[in-house]
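Just so you know, we're using this note's numbering here: the sequence shown kicks off at 17 and counts up by one.
Note that CB positions come from ideal geometry on N, CA and C, so glycine has one too.
The structure appears right after this line, and notes come after that.
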Amino acid sequence: MQRGAILLALLNLFPAWAVAAPHVTRLPPQSADTHCSPGEPCTQPTTDGWVAQMEYADGKKFPLQDYVNGGPNGELYLLVSDNAEYTSEECNFGMPEAGGIPSVQTNPCLSQTLFIGMRLPRPKDANGNVLEASGIIDVWLDAQRDATINLVPGASGPRSEDRHLRLRYSTGPNGNTSLTQRMGNNANGWTALSAPNQAWATTALVTTPSADPSRVHIEFSVKLRSSVPPIVGSEPLSSAVRKLGLALQSTPSMTGGATQRVGGGIFHNAKNQPPSETLTATWETLELREHLPIPLSFTMWNVGQMPDMTFWVPDGGSGEIDTVAAKIYKKEVVCISEIWMSHERGELVEKVNELRAAESLPPMQAVTELNDDILRPPTETTGLVLLSARQILEGGVHHFPSNMCTGADCMQDKGVIWARIATPAATVPVTVMDDLGLPRLSTATDYGEFVDVFCTHVNAGENTPGPDTDAREDQFFDIMAYVQQVRKGGPLNANTFPYLLGDDDIFPQGTWPSGLDRPAFLLGDLNTLGPKATEADASFPAYQDMVGPQFLNIRQRTEFEEANSFFSESRDLARTSSGADPMATGTWLSSQCTDLVTNQLAGFDRLDYVLVFPAANTLEFPSYALLKEPTASVEPHFDPDSGISMEVGGSQQFFQQCLSDHAMVDVNVSLTKVKDVVKYNPAKPHRIEYAVKQVTDLETESGCCADWFTPRVHMTANGFFRENAFLDVVEDQTIYPNWRVRTGPDNPTQFPDLPANFTGVVNMTSAIWEEDVGPNDHYDSIPEGGSSLAVDDRDGHFSFFASSGLVRRVKGESSANDWLTGLELMGSFLNGYENGMSLETEGTDHDSGDNARVRHFIQLKELETP
């Protein structure tokens, strides 16, 4: 047999994942040189057996899932410190930085150390009483990770520089722990250490804290300076490496009287890819370098397009819809205010997408108010348009209560618009193993990768105490209440103090996944004078009140921000210009301005903002954090075809007129992920939901707007079915209805959740209809159907295969086999998608033109076992 055939035969002895490239996690080390100082000390874990989440705020959090027994999930925290030594005043100094951290902390802090914190569920008896726990924790460490990654001969198994730590523990009055350490034998196995100095210095402690009686807390600290003679070149933190191979497995022991085993889990968390103690390629690669950024950019611009009915009020500049579109069509997320006419808002969306199509860019999606009611005054809208070059997953429009206004503003119906926007991470292709074990690329959008963006325009007038400021502050409180209700996942259909439902509000039905675990962004003309760069907040009392606890309530640092040293705590992102003049952030220009204002922005007032609502202030890890430091620019825009001639220096010169009396604000930020997601665990019960999140009319020749409804949102699961109808018409070009069906006890008829170890198939579909004069129109929403009127040719159909976690768009429902015939592999819940996955489909009926773009959403929610 040839050598190649021998290698192929050997590879066939292992699962495919065992010889694939190792999975990678970025884990930037905390550095005494970079992140810590006596004035702003860092926080580092103290290995005392009490796992306080905020001690690990400079690290990351991961779930530990019991795929064997379906027990409650545990938690894993990792943090690495870098090479630089700490002084006593720059880390764990003074009072703890955040809640939950013990008052007695390690000081000075430890350099070159891997900290591992675990919180594991304790078993319970049939009456729910917590029992003592016991088990084994295995930790495997690969010191020369590049050798493994680069397939260096011999590196596929444990070598002499690699280590295996094993902690045996039991709790209770007779509890004990023992820690052993072995080294690789260079022959696919492990052996005892050849000398005491071969050990990686390790401390491990186990406790059952009274403050957290349902869990076992386990902490390790492992010194990573691993090169000792005769081993050299195995420094994970050296500049040439900056990597560490890590695998971890928690194996609980049986406990007398327990109704289930709990506490199991692995790292890296992948059901079908457990670590093998003798195959280093199955271990996770920790890249010890900077966070992986998720870049985002936001634009705010008041364009001053006054309504036709107030002809005596001039526009804010010479700009028109086409010139505005030309300035924004390449932006990412744009909040536009003061386009009061419905047809002009629709025209802006069309013009933007015409320009994008000409450059082969995908269309922007929008949240705005469009209507074809000729009797409705054009000022009875927010005048806002929120555009996104990325997918909009949810959206809504909220109007301020009618008593929150003064003067001419009471002729308008100002408010705030919301869009839940997919980040760039949402559409990164994921490799999925199909039913045959072959790798495929998913087509779904990861709904969990989103950011909530709000666009607003508030009451104008004076900034001194009086009616104008009172109305504006009432609106700020209303914005805060609306933002909070949206971010917690709704609902928005009724008053829930402090949230107040506005007149003619537009909102999704029901609820949606929470967004409180990440920052959100507010863009808007806030008509409040604000400081620029280093100007003192105290000089702007209205601004202080706006961001303070009574109104927007964004000024306070969160517990996580207090404890971490990596992330930005910025709230006002356009306060300081990233250009040559930090003060050049004035946005309120004269309506008679020209391009002379370009170098005068530091002298203008600042009214337009991009603000940050931080993640919820709790002792829990957020899912995402804002990286340091955002950048901003403020730019006026001018009309080359309109201006005035002025004499300057004895000669006539032509100056371009401003397109708007407000400058455009641009902000660039990056998020990063600090908490990993829970994945599909078939050993646990689940609730499954299918929803129609977005519907857009692709037939625009007849103008605005379609009158949408659905007679059918259907699901069949585990021998039961449920079909919901949403017959109340929703009018607009694009709607975000959240028409849904889901399992669970809140249904009017029996439709149970999926039990643990369910192996069947769940089928889902919906129909998109428009109310019309004469027969109603059944819209085509899939690419295969053409002009056929059969439901299989017009409606999206989807199947979830519980045994594999796969979700497919399928052929239809005419026969049972059609539900199993895949057209498109959306993805697998085994890869994550904790907050759901979504997919856009589009109709292709060229005969009737009744085509819609529809966003379908499927979520599988794990139900905790008792």
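Option nearest residue i by Cα separation, candidates the options
i, options, result
"D713", "D657, S649, I570 and R869", "R869"
"S458", "P45, V40, E880 and G848", "G848"
"V155", "P137, N369, P139 and R184", "R184"
"T5", "L542, E636 and A297", "Residue 5 lies beyond the stretch modelled for the chain, which goes from 17 to 882, so this question has no answer here."
"G200", "A227, T223, T62 and G170", "G170"
"A536", "Y625, I704, N479 and P630", "P630"
"G272", "P139, R198 and N569", "P139"
"I433", "G464, Y498 and R456", "Y498"
"E577", "E747, D692 and D74", "D74"
"Y945", "P727, G335 and V711", "The structure shown does not extend to residue 945, since the chain spans only 17 to 882, so no value can be given for it."
"T224", "S186, T218 and G261", "S186"
"V823", "D462, S803, R587 and Q672", "D462"
"E551", "R738, V238, P598 and W299", "P598"
For residue i, three-class secondary structure by DSSP
i, result
"F327", "Low confidence applies here, because F327 scores a pLDDT of 49, under 50, leaving its location unreliable; read the following figure in that light. In the structure shown, F327 sits in coil (DSSP, three-state: anything other than H, G, I, E or B)."
"F492", "helix"
"I165", "helix"
"Q160", "coil"
"R810", "helix"
"H883", "No answer is possible for residue 883: the residues shown for the chain start at 17 and end at 882."
"Q214", "helix"
"S667", "strand"
"M199", "strand"
"S250", "coil"
"S594", "coil"
"M322", "coil"
"F523", "coil"
"E5", "Not covered by the structure: residue 5. The range shown for the chain is 17 to 882."
"H51", "coil"
"Y72", "helix"
"P268", "strand"
"R503", "helix"
"S358", "helix"
C-alpha gap between residue i and residue j, whole angstroms
i, j, result
"Y83", "F236", "24 Å"
"P761", "K695", "23 Å"
"G333", "K77", "51 Å"
"L409", "E878", "22 Å"
"N204", "H51", "40 Å"
"G10", "T601", "The structure shown does not extend to residue 10, since the chain is modelled only from 17 through 882, so no value can be given for it."
"L380", "A699", "One point to set straight first is that residue 380 is Met, not Leu, in the sequence displayed. Roughly 41 Å separates the two Cα atoms."
"L687", "L643", "6 Å"
"N166", "N192", "41 Å"
"I874", "L508", "21 Å"
"V745", "E856", "22 Å"
"D541", "W216", "58 Å"
"W528", "R241", "47 Å"
"G411", "E113", "37 Å"
"L95", "V708", "40 Å"
"V120", "S584", "27 Å"
"F466", "A632", "16 Å"
"D811", "S376", "28 Å"
"Y640", "V690", "6 Å"
beta-carbon residue i near the ligand PLP non-hydrogen atom, thresh 7 Å
i, result
"F283", "The ligand PLP is not part of this structure, which contains no ligands at all."
In chain order, what are the residue ranges of uninterrupted beta strand (DSSP E) at least 3 long that sit wholly in the region 364–427? Positions of the beta strand (DSSP E) runs, each at least 3 residues long and wholly inside the region 364–427, are given as 381–384, 401–404 and 408–415 in order along the chain.
At 4 residues or longer, what runs of the alpha helix (DSSP H) sit wholly inside the region 538–589? As summarised for the region 538–589, the continuous alpha helix (DSSP H) elements at least 4 residues long and confined to that stretch are 557–563 and 575–579, given in chain order.
Cβ contact check for the region 137–151 and the region 252–272: 3 or more pairs under 8 Å: As far as the Cβ criterion goes, the region 137–151 touches the region 252–272, which means the pair count is three or higher.
Counting Cβ pairs closer than 8 Å, one from the region 442–456 and one from the region 473–484, do we hit at least three? Taking 8 Å as the limit for Cβ pairs, the verdict is that the region 473–484 does not touch the region 442–456.
Tell me, please, whether the region 549–557 touches the region 483–493 by the rule of three or more beta-carbon pairs shorter than 8 Å. Output reads no: the region 483–493 does not touch the region 549–557.
Write down every uninterrupted run of the beta strand (DSSP E) in the region 714–748 whose length is 3 residues or greater and which is fully enclosed by it, in chain order. As for any beta strand (DSSP E) of minimum length 3 sitting wholly inside the region 714–748, the runs are 722–733 and 736–748, ordered along the chain.
Jot down the residue ranges of each uninterrupted alpha helix (DSSP H) in the region 286–315, minimum 4 residues, whole runs only, in chain order. Whole alpha helix (DSSP H) segments, 4+ residues: zero.
Every unbroken beta strand (DSSP E) within the region 758–798, with a cutoff of 3 residues, ordered by chain: With a minimum length of 3 residues, the continuous beta strand (DSSP E) runs that stay inside the region 758–798 are 777–782.
Across the region 815–822 and the region 764–778, are there enough close Cβ pairs to call them in contact, namely three or more that are closer than 8 Å? Yes, the region 815–822 is in contact with the region 764–778.
If you scan the region 88–155 from start to end, which runs of the beta strand (DSSP E) of 3 or more residues do you find wholly inside it? Counting only runs of 3 or more, we get 90–96 and 129–137.
Could you check whether the region 303–322 touches the region 668–678, counting it as contact only if at least three pairs of C-beta atoms, one from each stretch, sit closer than 8 Å? Yes: the two stretches touch, three or more of their Cβ pairs being nearer than 8 Å.
Taking three-plus beta-carbon pairs below 8 Å as touching, is the region 56–67 in contact with the region 224–236? Output reads yes: the region 224–236 touches the region 56–67.
Report yes or no: do the region 416–424 and the region 793–813 share at least 3 C-beta pairs separated by less than 8 Å? The region 416–424, when compared against the region 793–813, does not touch it at the 8 Å Cβ threshold.
Could you give the uninterrupted runs of the beta strand (DSSP E) lying entirely in the region 636–704, keeping only those of 3 residues or more? Here the runs fully enclosed are 640–642, 647–651, 654–664, 667–674 and 680–689.
If we require 3 or more residues per run, which beta strand (DSSP E) segments fall completely within the region 445–501? Within the region 445–501, the complete beta strand (DSSP E) runs of at least 3 residues are 447–449, 455–457 and 466–473.
Quick one: any contact between the region 304–312 and the region 42–62, if contact means 3 or more CB pairs under 8 Å? In this structure the region 304–312 lies against the region 42–62, because at least three pairs of beta carbons, one per stretch, are closer than 8 Å.
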